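A short write-up of the structure that comes next.
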Amino acid sequence: MTSLEDALRPAVGAAHVLVDDDLRAPYETDWTRRFTGAARCVVRPASTAEVVAVVRACAAAGAPVVVQGGNTGLVGAGVPAGGEVLVSLARLAEVEPVDAVEAQVTVGAGVTLEKLQTHARAAGLDFGVDLAARSSATVGGMIATNAGGIRVLRHGSMRAQVVGLEAVLADGSVLTRLGGLAKDNTGYDLTQLVAGSEGTLAIVTRARLRLVPLLPARAVALVAVAGTDAALDLLAAARAELATLSAAEIFYPEGLDLVRSHARLPAPFDGPAGAYVVLECAARTDPTDHILELLSSCKAVEDATVASDRAGLERLWAYREAHTEAISAAGVPTKLDVCVPLGELTALVAELPATVARVTPTARVIPFGHLNEGNLHLNVLDAGDRSEEVTDAVLRLVAAHRGTISSEHGVGRAKAPWLSLSRTPEEIGAMRRIKAALDPQGMLNPGVLLPG
Ligand code: MLT
Ligand code: ZN
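In this text, residue positions in the sequence shown follow my numbering: the first is -13, and each later residue adds one.
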């Protein structure tokens, strides 16, 4: 009898079917070290046709698959629960020439965000999504999770950049919509259905992406404010007065301390502050004056430092962007990515420490995130064996403040049990029917997104 592995080898080449423990290992644990599971084998197709062959072989063998991009996901959706065939899309790394007239480009799912940005910039354009994991995060994974990042304020999240895609369904049929038409009103928007479906409906193999103008002149301000309320006052002023605003981020003293000791950064200000806001403006000509004008007129500003040269921008962004790495170096965090209406943000931040302390007094909450969207990354360290109880308490608090349990990281395996805090039974029922129609065998990313 032929084994599944024997059927996969001719499909992708024997060197790209990894069965040995040490070869599989790098794919089996997520970046945060919170999720790990043994794969039956790791398969690395290099084209849509090879993905089709892999999916057909797995379907014939009744073997479920889990799909992985750059393995930078934060909700355990890209690593096996145990026994699945892991399909790595890293080799789908083809980049087509930029279409400057349409301001679009078609790329493979395994292309990293950094490679896409470099490619777009070489053509005088840019890509609208940016995030700290740019060197590893891949286009396919970013589409599957509808990734957000630091420029959602200006260009929207990943979904808004996706004009069309190519994707392999669970039966091996291929949806191809890469024509790039700006307007196309011909029925169900399958591209947008697949985007954000976390690999549960189809495997994205290529994408047609919208590009945005390249804005080479940037100015960043790191601003000390009294707390969340003052940060929101600053945000309101920035939104009203800065037409070139491209990012508005927040972090707190707990995060700053971790980042400073991890990245060996100096204190940004002489004294402490209740919260820190990063504002960035981007334009064709230097926007520094606009940002300085805002800082001098806004009463919420306690102290500020501004940069517009490359080294200065990197230096100021490091205080915000090094959070994930600094937290991870301090331990294995419980990571909760939530979003509340801006009017609820102050109360949420104020209630968090007591909510977590009721579960376990040893835990520390480090909030930071995308102020403009009310999107906080609540990273909890030292929760010990109470991680699940902390998750439950925090997500219920967020729901009580009319928020969502996942703002930009997705639901994955990590939050599937809490989906009903953000979606009605009718919505979950409709999602299940869509899943059953497109993947009746439950082959693609089982256990991800929809509770078991
Ligand atoms: C970020 O915005 O830096 C990441 O999405 C957050 C995280 O690591 O929790
Ligand atoms: Zn984020």
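Positions of the beta carbon are idealized from the N, C-alpha and C atoms, including for glycine.
Computed from a prediction, not measured in an experiment: that's the story for all the values here.
Counting C-beta pairs closer than 8 angstroms gives fewer than three between the segment 258 to 269 and the segment 184 to 193, which falls short of the contact rule. In this structure, G241 keeps its C-beta atom at 8 angstroms or more from the C-beta atom of G127.
The shortest C-alpha to C-alpha distance from A95 to any of A109, V148, A(-7), H276 is the one to V148. Judged by DSSP in its simplified three-state form, K285 adopts coil rather than helix or strand.
In the structure shown, S373 adopts helical secondary structure according to DSSP, grouped into three states. If you check the C-beta of G396 against ligand 1, you find no heavy atom less than 7 angstroms away. For the beta strand (DSSP E) assignment, the uninterrupted runs of no fewer than 3 residues enclosed by the segment 257 to 322 are, from N- to C-terminal side, 261 to 269, 289 to 293. For N132, the Cβ stays outside the 7 angstroms cut-off from all heavy atoms of ligand 1.
In its chain, beyond the 5 residues on either side, V38, V41, R42, A45 have a beta carbon closer than 7 angstroms to the beta carbon of G158.
Distance check between A229 and each of A268, L244, A253, L111 places A268 closest, using alpha-carbon atoms only. When DSSP states are grouped into helix, strand and coil, P202 belongs to the coil group. By the criterion of at least three beta-carbon pairs nearer than 8 angstroms, the segment 237 to 252 is in contact with the segment 349 to 361. By the CB criterion at 8 angstroms, V326 and G389 fall inside the cutoff. For G415, the uninterrupted alpha helix (DSSP H) run begins and ends at 411 to 424, by DSSP. Note on Y174: under 16 other CB atoms within 10 angstroms of its CB, so exposed under the neighbour-count rule.
Distance from the CA atom of L161 to the CA atom of L167, rounded to whole angstroms, is 16 angstroms. Under the DSSP assignment, P(-4) falls in the alpha helix (DSSP H) whose first and last residues are -10 to -2. Taking all protein chains in view, the Cβ of P12 is surrounded by fewer than 16 other Cβ atoms within 10 Å, so the residue is classified as exposed. Ligand 1 never approaches G241 closely enough for any of its heavy atoms to be under 7 angstroms from the residue's Cβ. Per DSSP, the beta bridge partners of P353 are L364. Here G134 really is in contact with E394; their C-beta atoms are around 3 angstroms apart, less than 8 angstroms. Rounded to whole angstroms, the gap between the alpha carbons of R120 and L139 is 18 angstroms.
DSSP lists V71 as the bridge partner or partners of C27.
Taking the C-beta atoms as reference points, L102 is found no nearer than 8 angstroms to V73. Here V335 carries a helix assignment [DSSP, helix/strand/coil].
Boundaries of the beta strand (DSSP E) harbouring I236: 231 to 237, taken from the DSSP string.
G114 sits in coil when the DSSP states are folded into three classes, being neither helix nor strand. Segment contact: the segment 334 to 350 against the segment 412 to 422, fewer than three CB-CB distances shorter than 8 angstroms; contact not assigned. Between ligand 1 and A118, a heavy atom-to-CB distance of less than 7 angstroms is present. Membership of A47 in the alpha helix (DSSP H) is indicated by the continuous run 34 to 47. Boundaries of the beta strand (DSSP E) around A193: 189 to 196. Distances from the CB of H141 to the heavy atoms of ligand 2 are all 7 angstroms or more. A heavy atom of ligand 2 is found nearer than 7 angstroms to the CB of G355. When the five nearest sequence neighbours on each side are left out, the beta carbons in the same chain lying within less than 7 angstroms of the beta carbon of R145 are those of N132, Q178, A181, G182, in order along the chain.
Taking 8 angstroms as the upper bound for CB-CB distance, A293 and R301 are in contact here, some 7 angstroms apart. Look at T177 here: in three-state DSSP terms it is helix.
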